[in-house]
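In what follows, a single structure is set out as structure tokens and then discussed.
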Amino acid sequence: ACGPAAETLAGGIIMTDILNTYLAAASMALDALFGGTLPIYGEEVPDELPERCILLSLEDVQWRKAFGRRYEVSATLDVAYYMPLMTLDRDRELNEVYARCCAGFGLIEYDGHKLALHTMRRSDQSGVLHIKCPFQTHLYSVPDDPIMGKIKNTGGTK
């Protein structure tokens, strides 16, 4: 791999891995919000989905070199809530899911990495509730070789 996605960040994480870290943070936050009762899928999605579940994905991912080794990363987290179309109190259930996500997504964290999700937009597409959470973060890369290896002692030690 080449470009910013292949560079190593502070903590030894590869830049593309940070997106998976954010998905894991969202998954853990949702699991806590729903008490482990709702299946949540990110990378691996089964052929047949249960009646009620959440699919997580990232959209509109953009990397931009900001300054030196610092990168600006922006993307949109899409939380898609699936449920049967013919459900009593469907609107009430969708409102409850949306409200829980709004309440629990202020700051999510996984493996020491934090992400603030302050804006959440709701839409209903073909009976699926989509909660779009745009975010922006700054990352910085770490040189592969230690800086001490570049220092040459040309004089005597005092």
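Per the numbering used here, the sequence shown starts with residue 1406, numbered consecutively.
Ideal placement from N, C-alpha and C gives every residue a C-beta, glycine not left out.
Predicted, not measured: the structure shown is a model, and the values here were computed from it.
*asked:* Closer than 8 Å is the cut-off here; do at least three beta carbon pairs connect the stretch 1520-1536 with the stretch 1484-1504?
replied: yes
*Quick one: what's got a C-beta closer than 7 Å to F1510's C-beta in the same chain, skipping five residues either side?*
Residue numbering aside, residue 1510 sits at position 105 when the sequence shown is read from its first letter. Within the same chain, F1510 has close Cβ partners A1434, L1522, M1525 and C1538.
_With a threshold of 7 Å on Cβ separation, who are the neighbours of C1407 within its own chain once the five nearest residues in sequence on each side are excluded?_
Taking the first residue of the sequence shown as position 1, residue 1407 is located at position 2. At C1407 the pLDDT is 41, less than 50, meaning the model places this residue with poor confidence; the figure from the coordinates comes in the next sentence. Around C1407: no qualifying Cβ.
*Can you tell me the Cα-Cα spacing of L1499 and K1470, whole angstroms?*
Locating residue 1499 in the sequence shown gives position 94, where the first residue counts as 1. Locating residue 1470 in the sequence shown gives position 65, where the first residue counts as 1. Their backbone Cα atoms lie some 39 Å apart in a straight line.
_Rounded Cβ spacing between Y1503 and I1536 (contact assumed at less than 8 Å)_ = The residue you call residue 1503 lines up with position 98 of the sequence shown. The residue you call residue 1536 lines up with position 131 of the sequence shown. With a Cβ gap of about 6 Å, Y1503 and I1536 count as contacting.
_Assigned secondary structure, V1502 (DSSP; H/G/I helix, E/B strand, else coil)_ = Along the sequence shown, read from residue 1 onward, the residue named residue 1502 stands at position 97. DSSP places V1502 in helix when its eight states are reduced to three.
*Near D1465, what residues of its chain come up, given a Cβ to Cβ distance below 7 Å and the 5 sequence neighbours on each side ignored?*
Mapped onto the sequence shown, residue 1465 falls at position 60. Excluding sequence neighbours, D1465 sits near A1480 and T1481.
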